[in-house]
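Structure record follows, encoded as structure tokens.
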Amino acid sequence: MWYSIIPIAAMIFFSRKTVALWGIYVLVLICSVFVVGSFIPKEYFHSPTEKQLMVINIMTIVLSISFILFFIYYLNKINLIREIHLAERESVDEIDNYIEEEELESDKLDKLYLNILNYFVEKEPFCDPDYTITQLAKELQSNVKYISRIIKIKEDVNF
């Protein structure tokens, strides 16, 4: 049971490949105990008493549960940090996208303003009292909203 904590901990902190390597390493260690144990003379072994076995078993269970809870706690901490970094990245991306859209829109509006000025210089539509912003939008192949907005921003007047 004690050795089973190592792969659990490895899954929290490392990639799947690393976990697989740790799992193989733990299995080799477990198997080596049985292989090496057969070469050691029996005189070197002491049999623990019932009381000692009970203490060892209780300590193993308590420490195993403690380590598992510790690793779960840190897994939650790591996931929380990842979520915070992901949220920060997304907010930075949203801000960058918003700035890019504003720059693109600003460029479009500047071009539209120049087109309006050129159109007024060349065609002189202001001489016609019935000329509307809808006609101007149609001539410039644009939206009435954009034309109205750019005239309001640049000239501070309504059409």
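Just so we're aligned: the sequence shown equals residues 4 to 162 in our numbering.
Backbone N, C-alpha and C fix where the C-beta goes; we use that ideal spot for every residue, glycine too.
- Only buried fits I150, as 16 or more other CB atoms lie within 10 angstroms of its CB.
- For S18, no alpha helix (DSSP H) encloses it, and the DSSP letter there is neither H nor E.
- In the DSSP annotation of this structure, Y47 is not part of any alpha helix (DSSP H), being labelled neither H nor E.
- Taking one beta carbon from each stretch, the region 73-91 and the region 14-30 have 3 or more pairs nearer than 8 Å; the two touch.
- Only residues of its own chain outside the window of five on either side were considered, and among them P128 have a CB closer than 8 Å to the CB of Q138, listed in chain order.
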